[in-house]
DNA sequence: AGATAACTGGAGCAGTGCGTCCGTTTGTGC
DNA sequence: GCACAAACGGACGCACTGCTCCAGTTATCT
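Below, the structure written as structure tokens:
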């Protein structure tokens with residue numbers, strides 16, 4: 001690690017590394033993050049040990065696979081925050097991130113964290129949270145979103161589109177877009193209808209509850 | 001099965017069955033559906049075999065645990081459909097179901113289906129879908145929701161609140177309510193702002209995509 | 001071409017989950 | 001009280017997952 005060996009990394013190793021990355025990306029995108037290492041190996045037509053040589057652990061593989069997508073996402077957020085029109089910035093973020101989520105089943109799990117990946121990309125998540133806070137604050141001050149809108153709401157929106165299940169990617173994208181549109185509509189500043197009183201919970205005894 | 005045995009089921013067996021059901025309900029509610037059978041047994045202070053005697057399979061246990069909650073949910077939907085005011089019906093459904101989802105981590109997975117439970121409660125789901133379709137149709141015809149609103153949208157709303165993660169049940173409930181409020185706001189009929197054009201996807205090359 | 005270090009693949013290890021078997025305990029009817 | 005079927009509990013089998021070991025292969029440098 002400190003001193004480079006006399007030999008360079010063999011070309012087939014480099015090729016296989018990239019190949020694994022490609023295959024894993026495709027698998028994670030279609031089947032989600034809980035694909036087994038054996039399955040990745042099988043689809044790459046390689047042995048498991050080969051994968052483990054390039055990516056010492058499952059989590060490392062996930063991190064490597066999603067690194068650039070997460071970076072792109074962070075860039076999108078940064079760009080949106082820089083937008084002089086905060087509302088357009090919000091639209092951009094929601095639109096982009098939701099599209100990413102719909103087209104790649106693994107992406108959301110990797111970024112937001114799931115059972116398979118505890119704390120990967122925590123730093124990026126924190127950065128994004130800060131950026132989102134600034135953006136929502138500005139939007140609220142400019143009065144383009146409802147006055148009680150917070151960064152937490154925007155986070156809520158982004159996690160609401162988490163697992164919209166649909167048979168095909170096209171339909172998933174359509175559904176996520178639809179949901180995002182509804183939510184953006186709900187976020188807009190608008191004095192017309194008050195934020196929904198949500199009155200009366202009619203039949204008591206509806207929720208038996210945890211009984212704990 | 002055809003002829004009842006001379007003996008009745010032993011009282012301890014009945015007691016244990018109910019006890020397992022109670023414990024499992026509590027565990028599923030707090031920890032989600034992927035709780036181990038061993039864990040259920042441990043918490044119930046019983047052997048695993050005892051659980052398997054009363055509930056031949058894991059899925060059977062889940063079904064038994066959530067049967068009444070699903071029934072209550074279906075009843076809520078039916079009641080809401082019967083409401084002369086379709087908008088209030090929609091609010092009721094969203095409110096009730098979201099509350100249920102927030103307070104019981106297992107409920108949504110059990111009803112909507114997840115990795116752990118493939119097709120349990122499929123019939124109830126179908127019934128609810130029919131009811132929802134009728135309700136949304138009526139709401140649309142009466143003009144209380146945006147003209148392009150469909151039953152699929154309502155389903156989207158209900159699945160959007162799926163896994164809102166929060167440290168405590170209280171906070172989960174608050175977040176889900178908040179999300180539901182935003183969505184209901186977005187669903188309302190309103191000519192003011194058009195349904196969000198969602199223009200320009202600025203930086204190309206944002207989504208590397210599955211590369212498949 | 002030949003030496004050699006790096007790379008590879010599949011068997012194997014440890015851990016975990018669901019569901020079962022069987023010897024032991026216990027509630028129940030007489 | 002006693003007999004006995006029913007219920008119990010924990011060890012066990014089987015399948016699967018992340019990860020490692022080691023003998024065989026192969027690209028690269030001279």
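Protein chains in written order, with the working numbering: chain V, 1 to 212; chain S, 1 to 212.
Even glycine gets a Cβ: it sits at the ideal position worked out from N, Cα and C.
Between the stretch 119-137 of chain V and the stretch 35-52 of chain V, the count of Cβ pairs shorter than 8 Å is below three; the stretches do not touch. Comparing C-alpha distances from residue 77 of chain S to each of S/170, S/182, S/158 shows the shortest one belongs to S/158. According to the DSSP assignment, residue 149 of chain S belongs to no alpha helix (DSSP H), since it is labelled neither H nor E. Listed in chain order, the positions of the stretch 168-189 of chain S with a beta carbon within less than 8 Å of a beta carbon of chain V are 175, 177, 178, 179, 180, 181, 182, 183, 184, 185, 186, 187, 188. Using a Cβ distance threshold of 8 Å, residue 154 of chain S and residue 102 of chain S do not count as a contacting pair. Comparing alpha-carbon positions, the option among S/156, S/143, S/105, S/129 lying closest to residue 169 of chain S turns out to be S/105. Within chain S, the residues 156, 159, 160 have their CB atoms less than 8 Å from the CB of residue 164 of chain V, given in chain order.
Around residue 17 of chain S, the same chain offers 54 as residues with beta carbons nearer than 6 Å, after the five sequence neighbours per side are excluded.
Burial state of residue 92 of chain S is buried, judged by a 10 Å Cβ sphere holding 16 or more other Cβ atoms.
Rounded to the nearest angstrom, the Cβ distance from residue 161 of chain V to residue 151 of chain V is 17 Å, too far for a contact under 8 Å. Counting C-beta atoms within 10 angstroms of its own C-beta, residue 108 of chain S has 16 or more neighbours from the protein chains shown and is therefore classed as buried.
Residue 120 of chain S and residue 59 of chain S do touch by the CB rule: their CB atoms are close to 6 Å apart, below 8 Å. For residue 7 of chain S, the three-state secondary structure derived from DSSP is coil. Residue 188 of chain V carries a strand assignment under DSSP once its states are collapsed to helix, strand and coil.
Between residue 70 of chain S and residue 111 of chain S, the gap from beta carbon to beta carbon is short of 8 Å.
With respect to residue 139 of chain V, residue 86 of chain V sits close: the two C-beta atoms are nearer than 8 Å. Pairing residue 51 of chain S with residue 15 of chain V, the inter-Cα distance amounts to about 52 Å. In the same chain as residue 74 of chain V, and ignoring 5 residues on each side of it, the C-beta atoms closer than 7 Å to its own belong to 124, 127, 128, in chain order. Closest by C-alpha distance to residue 29 of chain S, out of S/134, S/80, S/62, is S/62. Taken in chain order, the members of the stretch 124-155 of chain V whose beta-carbon sits within less than 7 Å of a beta-carbon on chain S are 153. A direct Cα-to-Cα measurement between residue 180 of chain V and residue 98 of chain V gives close to 7 Å. Short of 6 Å from the beta carbon of residue 80 of chain V, and not among the five residues preceding or following it, lie these beta carbons of its own chain, in chain order: 89, 92, 93. The closest CA to that of residue 67 of chain V, considering only V/22, V/37, V/82, is found on V/22.
Sorting V/13, V/132, V/146, V/113 by C-alpha distance to the C-alpha of residue 82 of chain V places V/132 at the top. The three-state secondary structure of residue 66 of chain V, taken from DSSP, is helix.
Each residue's CA atom was taken as its position, placing residue 26 of chain S and residue 8 of chain V some 58 Å apart. Annotation note: the stretch 10-60 of chain S contains no uninterrupted beta strand (DSSP E) run of length 3 or greater.
Where residue 94 of chain V is concerned, the enclosing alpha helix (DSSP H) starts and stops at 86-103.
Residue 13 of chain S and residue 171 of chain V have their C-alpha atoms roughly 49 Å apart. Annotation: the continuous alpha helix (DSSP H) that includes residue 137 of chain S extends over 122-141. With contacts defined as CB atoms closer than 8 Å, residue 144 of chain V and residue 72 of chain V fail to qualify as a contacting pair.
With contacts defined by Cβ atoms closer than 8 Å, residue 186 of chain S and residue 183 of chain V form a contacting pair.
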